[in-house]
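Enquirer: Take a look at this one; I'll ask things after.
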Amino acid sequence: MRSEPTTVDVVEAARSLLGRHLVGHGVTVRITEVEAYGGHLDPASHAYTRTARSEIMYGPPWRLYVYRSYGIHHCANVVTGPTEQGAAVLVRSGEVVDGHARARARRGGVPETRLARGPGNLAQALGISLADKGTDLLDADAVVRLGAPVVEPPAISTGPRVGVSKAADVPWRLWITGDPTVSAYRRSPRAPAPPR
């Protein structure tokens, strides 16, 4: 029987993504919120059970894992490795810093702070779809790519992940403290009651 997730490498990778730029189809966001998922060690991860959908998560790091949520929204994840662990980081929110007109056209008339708030909205603002799955995010010529790591790490807050029913209290959601683009916390109604 597998225990609660204990991997810290994916948490450090998640921490390192905060403040970093993610470019997609002519729009750039500064990543402000992420969630870490520990692969085969983490019952909340898509990779906890190895399937055709999660296979990319077992491959090399810095690849883009894209999936559909509720059949309508795409979600963008950074595979972090090590290979065969299945760990990845969901990019939950960001601040649009370039390509505002394109992001607004994709997202409609929402306020600036909500253009890329929440994982489905972020992927929509960036134009990310299943066609981008597997992209090498460190390839400087890729349509979807990561910018350079930040030199001055921002102040970071942590808490439980959003909407997961298993390992619901693991504090692997990380965000830039006080940033207005960070999404609201919503606990899954299927999760057990939080510890007191």
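Numbering (this note's numbering), first residue to last: -2 to 193.
Where is the CB? At the ideal position from N, CA and C, for every residue including glycine.
1) So, are the CB atoms of V208 and G144 less than 8 Å apart?
2) Does T110 come out as helix, strand or coil in the three-state DSSP assignment?
3) List, from N- to C-terminal side, the alpha helix (DSSP H) runs of 4 residues or more that fit wholly inside the stretch 32 to 106.
4) Could you spell out the range, first to last residue, of the alpha helix (DSSP H) harbouring V7?
5) What are the partner residues of G21, as DSSP defines its beta bridges?
6) Check R187 in the structure and name its three-state DSSP category.
7) Whole angstroms is fine: what's the gap from A113's alpha carbon to V93's?
8) Near V161, which residues of its chain fall below 8 Å by C-beta distance, leaving aside the five closest residues on each side in sequence?
9) Please classify G105: is it buried, with 16 or more other beta-carbons within 10 angstroms of its beta-carbon, or exposed?
10) To the nearest angstrom, how far is the alpha carbon of R(-1) from that of G36?
11) Does the contact criterion of 3 or more C-beta pairs under 8 Å hold for the stretch 170 to 179 versus the stretch 12 to 28?
12) Nearest to G124 by alpha carbon, out of H97, K163, V148 and P108?
13) Would you report the Cα separation of G131 and A44, rounded to the nearest angstrom?
14) In whole angstroms, give me the CA-to-CA distance for G83 and Q121.
Expert: Quick look at the numbers:
1) This structure does not reach residue 208, given that the chain is present from -2 up to 193, and the question cannot be answered.
2) Start at 1 with the first residue of the sequence shown, and residue 110 comes out as number 113. Of the three classes helix, strand and coil, the one that applies to T110 here is helix, per DSSP.
3) Counting whole runs of 4 or more residues, the stretch 32 to 106 contains the alpha helix (DSSP H) stretches 97 to 104.
4) Working through the sequence shown from its first residue, we reach residue 7 at position 10. Run containing V7: D6 to L14, per the alpha helix (DSSP H) assignment.
5) Counting from 1 along the sequence shown, the entry for residue 21 is found at position 24. Note: G21 is bridge-paired with V24 and V141 in the DSSP secondary-structure output.
6) Indexing the sequence shown from 1 puts residue 187 at position 190. R187 falls in the coil class under three-state DSSP.
7) For this step, residue 113 is matched to residue 116 along the sequence shown. For this step, residue 93 is matched to residue 96 along the sequence shown. If I take the Cα positions, the gap works out to 7 Å.
8) Taking the sequence shown and counting its residues from 1, one reaches residue 161 at position 164. Short of 8 Å from the beta carbon of V161, and not among the five residues preceding or following it, lie these beta carbons of its own chain, in chain order: A41, S185 and A188.
9) For the purposes of this step, residue 105 is taken as the residue at position 108 of the sequence shown. By the neighbour-count rule (16 or more Cβ atoms within 10 Å), G105 is not buried but exposed.
10) Taking the first residue of the sequence shown as 1, we reach residue -1 at position 2. Taking the first residue of the sequence shown as 1, we reach residue 36 at position 39. Low per-residue confidence applies at R(-1): pLDDT is 34, beneath 50, and the placement is therefore not dependable, though the value from the model is reported in the following sentence. C-alpha separation (whole angstroms): 12 Å.
11) Short answer: they touch.
12) Position 127 of the sequence shown, counting from 1, holds the residue named residue 124. For G124, the closest alpha carbon among the candidates H97, K163, V148 and P108 is that of H97.
13) Along the sequence shown, read from residue 1 onward, the residue named residue 131 stands at position 134. Along the sequence shown, read from residue 1 onward, the residue named residue 44 stands at position 47. Here the alpha carbon of G131 sits roughly 15 Å from the alpha carbon of A44.
14) In the sequence shown, residue 83 corresponds to position 86, counting from 1. In the sequence shown, residue 121 corresponds to position 124, counting from 1. Between G83 and Q121, the alpha-carbon positions lie close to 25 Å from each other.
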